[in-house]
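The numbering used here puts the sequence shown at residues 54 to 513.
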Amino acid sequence: MSSDFVFNKEYPLSDLVEFVNEKIDSTKISLDTYISTDNMITDRGGVETATKLPSATKFHHFKPTDTLFSNIRTYFRKVWFAEFEGGASPDVLVFRTKEPKVLDPAYLFYLLSDKKFSEYTVLTSKGAKMPRGDKAAIMQYTVFVPEPNVQRTISSALRTYDLKLKANTKINQTLEHLAKAIFKSWFVDFDPIKAKIETLATGGSADDAELAAMSIISAKPLDELNGLKASNPEAFNKLAQTAALFPAAMQDSEFGEIPEGWEVKPFKKVIDKYVDNRGKTPPIVENGIPLVEVKHLPENSAFPNLNTEKRVTEETYKTWFRVHVEPQDILISTVGTIGRTSFIKSTNFGIAQNVLGLRFAKAIEPEYMFYTIKSHRFQHDMTARLVTTVQSSIKRKDLDTIDILVPKPSIQIAFCEFVEPLIDEQFVNNTQNNDLAIIRDTLLPKLLSGEIDLTNEVVE
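#1: Rounded to the nearest angstrom, how far is the Cβ of Leu121 from that of Phe115, given a contact under 8 Å?
#2: Determine whether the beta carbon atoms of Phe112 and Ala141 lie at a separation below 8 Å.
#3: Who does Asp78 pair with in a DSSP beta bridge?
#4: Kindly indicate which three-state DSSP category Tyr327 falls into: helix, strand or coil?
#5: Expressed to the nearest angstrom, what Euclidean distance is found between the alpha-carbon atoms of Tyr327 and Lys448?
#6: Cα separation between Pro462 and Glu418?
#7: Just to check my reading of the structure: Leu359 and Gly403 have Cβ atoms closer than 8 Å, yes? What is that Cβ distance to the nearest angstrom?
#8: In this structure, how does DSSP classify Lys179 when only helix, strand and coil are distinguished?
#9: Give the straight-line distance between the Cα atoms of Ser123 and Glu172, rounded to the nearest whole angstrom.
#10: Over what stretch of residues does the beta strand (DSSP E) that includes Asp305 continue unbroken?
#11: Suppose the cutoff is 6 Å on Cβ atoms and the five residues either side in sequence are ignored; what does the same chain contact list for Glu75 look like?
#12: Quick one: give me the first and last residue of the beta strand (DSSP E) that Arg130 is part of.
#13: So if DSSP puts Met93 in a beta bridge, which residue, or which two residues, is it bridged to?
#14: Whole angstroms are fine: how far does the CA of Trp239 sit from the CA of Ser258?
#15: Is it buried or exposed, Glu470, if we count other Cβ atoms within 10 angstroms and call 16 or more buried?
#16: May I ask you to report which of helix, strand or coil DSSP gives Ile397?
#17: Count the other C-beta atoms from every protein chain shown that fall within 10 angstroms of the C-beta of Ser209, then say buried if there are 16 or more, exposed otherwise.
#18: Go ahead and label Gln479 buried or exposed: buried means 16 or more other beta carbons lie within 10 angstroms of its beta carbon, across all protein chains shown.
#19: From Phe236 to Ala262, what distance separates their C-alpha atoms?
#20: DSSP three-state call for Phe289: helix, strand or coil?
#21: Give me the Cβ distance between Thr174 and Glu63, rounded to the nearest whole Å; I'm assuming they're in contact under 8 Å.
#22: Nearest-angstrom Cα distance between Ser178 and Pro319?
#23: Closer than 7 Å by C-beta to Leu231: which residues in its own chain qualify, once you throw out the five before and the five after it? Chain order, please.
#24: Does the Cβ of Gln204 have 16 or more other Cβ atoms within 10 Å, making it buried, or fewer, making it exposed?
#25: May I ask you to verify whether the stretch 368 to 380 touches the stretch 284 to 294, counting CB pairs closer than 8 Å and requiring at least 3?
#26: Considering only the alpha carbon of each residue, which of Gly389, Thr387, Lys398 and Thr390 lies closest to Glu379?
#27: Can you give me the start and stop residues for the alpha helix (DSSP H) that Gly256 sits inside?
#28: Do Glu420 and Glu473 have their C-beta atoms closer together than 8 Å?
#29: Within a Cβ cutoff of 7 Å, which residues of the same chain sit near Asp85, ignoring the five residues on either side of it in sequence?
#30: Just verifying my parser: in three-state terms, what is the DSSP assignment at Leu281?
#31: How should His433 be labelled, buried or exposed, when 16 other C-beta atoms within 10 angstroms of its C-beta is the threshold for buried?
#32: With burial defined as no fewer than 16 other Cβ atoms inside 10 Å of the residue's Cβ, what is the status of Asp244: buried or exposed?
#33: Relative to the alpha-carbon of Leu298, which residue among Ile94, Leu69, Leu507 and Phe468 has its alpha-carbon at the smallest distance?
#34: Where do the ends of the beta strand (DSSP E) carrying Lys122 lie?
#35: Just mark His429 as buried or exposed, buried being the case when its beta carbon has 16 or more other beta carbons within 10 Å.
#36: Suppose you measure from the CA of Phe356 to the CA of Leu69; what does that come to, to the nearest Å?
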């Protein structure tokens, strides 16, 4: 095929690629190598480790350099260039080039990453409740095929942006994992409290109990704590002050046993204000202030993605919305994919009707509530209150009934002091990623169409 192929022409995908139907036995697949639409990340954000494996005995067998495309609600643009071998669910299409010398696999990935392709799949999709891409229509999508060296040059230029985005995302995932681990230790497992209780129960002194809690909070063994006391008494004293905030006893509650002096309150008692956009769609323009929808609350980021397709004018932003989000507000998705959550640092955007803003601070710290909402317990309690029609949804009145564990304010503040630097560093990386993604997504269609010729221009 490659010897007589005519380049610099448009072809339907059916001439160039195939859907992989080869199967792999489920016994050869692990959580690390299983890909479904659930663990693919929106807007080409890559993939996450799966949380469960289905009962199927076989999966679609993908290999490195295949392109995987989530075929449910294709407007989420879940596209991934495979980096390892594994198995995919039926709702993930696996594309493979018929002849890599004709269509470079990396170039195919960028063709399928183009918004034109996802928009085409939306227009030709089937089904209302759970729209799926039409595989026959997808194969009729036409693409321009330049010379192989041009394909590789374009892919390499775009890959530079993707690698930087991936590096920042990995750093942020590590920071977020650390923040979640602190939250779980303090407010789910109650590790500092239990360390005190166990020390006292085995005959330890009150001072021993405080040291045990300090060891848990700092993740340092006792000998290192003694070294810290000698080398950095200020840090040691600060750690001691934090440990002293935790009680050394538990009490009964509707949550089960909780630390002494802490409370359980319904959501409506801790929220200051709900922020929404009147339940309607504002007038949309191509350029202007971003309108954040559910799909812009990423699974792999603590912040909303402001690289949105829908925008509003400044006049609409000022006059149409009833109220605007503020720093430290929390966004949560209330329809479709329920419970996605973002923390607000930058505020120049509007929110769509299926996104709700939550404002705290008077009764509870926003950072504490951000990780509470992301916790397994809160997500489970939301799921139990869903209203299921065409799309699942949760109402404000049902959110109001969810019970919240409320630690003493001093402990919440101490938690914020631990996680605020982690959130701030994530935000810096996230802002850079938003800027890089805008540049990449602006370049992508221009490079694919030949509007920018890399043989004559340098892309920075």
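Glycine included, every Cβ here is placed at the ideal spot set by N, Cα and C.
Taking the structure as given:
#1: 6 Å
#2: yes
#3: Lys111
#4: strand
#5: 12 Å
#6: 8 Å
#7: That belief does not hold up - the Cβ atoms of Leu359 and Gly403 are roughly 11 Å apart, past 8 Å.
#8: strand
#9: 14 Å
#10: Met303 to Ser306
#11: His114
#12: From DSSP, Arg130 is part of no beta strand (DSSP E); its letter is neither H nor E.
#13: Val100
#14: 22 Å
#15: exposed
#16: coil
#17: exposed
#18: Around the beta carbon of Gln479, 16 or more other beta carbons lie within 10 angstroms, which makes this residue buried.
#19: Taking the CA atoms as reference points, Phe236 sits about 21 Å from Ala262.
#20: helix
#21: Not really, about 18 Å apart at Cβ, beyond 8 Å.
#22: 42 Å
#23: Sequence-distant Cβ neighbours of Leu231 in its own chain, meaning closer than 7 Å and more than five residues away, are Leu475.
#24: buried
#25: Short answer: they don't touch.
#26: Lys398
#27: Per DSSP, Gly256 belongs to no alpha helix (DSSP H) and is neither H nor E.
#28: yes
#29: Correct list, in chain order: Thr102.
#30: helix
#31: exposed
#32: By the 10 Å Cβ count, Asp244 comes out buried.
#33: Phe468
#34: At residue 122 the sequence reads Phe, which differs from the Lys that was named. Phe122 -> beta strand (DSSP E) spans Thr120 to Ser123.
#35: exposed
#36: 38 Å
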